[in-house]
Amino acid sequence: MGFGLQVFQLKVDGVAFRLIPEYSQVKNALKEKEKVGTSDDDGFSGVPVFQSRSLILRSQSKSYRPVFFRKEDLESSLSRASREQNQLNPAFRPGDVQVAVLEEVIKGMKEGSTSTWDDVVFIPPGFDISTDPTKQ
């Protein structure tokens, strides 16, 4: 099945969602997986989401991991965070962009009481996050 033809359905409380992966983001996901040596010949199965260990949002005493639907939004946020700190992020390393499948993240959030995904915040495509709340 081609990238644009794959439609993924989630059913939550009787409401069905259809998620169609954006072709350019599937290509980005495959490139990132190839960089770390985990590429799959079958392509990418699902809606790709992107995150980085180098980017953490803090609110009061809690930390959150932003998960982006577009790789470009993640890269822009990493770049902005570096500029606002007036330095390159020393924690950032090439290959530090992780790719996950949205459907697997949601499944993980639903299943475990102590989920590895309980600190995730989904960032809508094109949304501008800033490390300085006064710039929002």
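Residue 103 in my numbering sits at position 95 of the sequence shown, and the numbers go up by one each step. Glycine is no exception: its CB is placed at the ideal position from the N, C-alpha and C atoms. The structure presented is a predicted model; accordingly, all values stated were derived computationally and were not measured.
One thing to note: V129 has its Cβ within 8 Å of the Cβ of L65. Note that the C-beta distance between S53 and V109 is below 8 Å. Between the alpha carbons of L38 and E80 lies a gap of roughly 14 Å. Less than 8 Å separates the beta-carbon of I131 from that of P74. For P133, the closest of K118, F76 and R91 by C-alpha to C-alpha distance is F76. As summarised for the region 27–57, the continuous alpha helix (DSSP H) elements at least 4 residues long and confined to that stretch are 31–43, given in chain order. Nearest C-alpha to Q106 among S84, E40 and S87: E40. S62 sits in coil when the DSSP states are folded into three classes, being neither helix nor strand.
S85 counts as buried, since no fewer than 16 other beta carbons sit within 10 angstroms of its beta carbon.
Rounded to the nearest whole angstrom, the CA to CA distance from N36 to K118 is 27 Å.
Annotation for I114: the continuous alpha helix (DSSP H) segment containing it runs L110 to E119. Between R88 and Q33, the C-beta spacing is not below 8 Å. At least 8 Å separates the beta-carbon of D126 from that of S62.
Proximity to I28 across E42, S90 and E111 peaks at E111, based on C-alpha coordinates.
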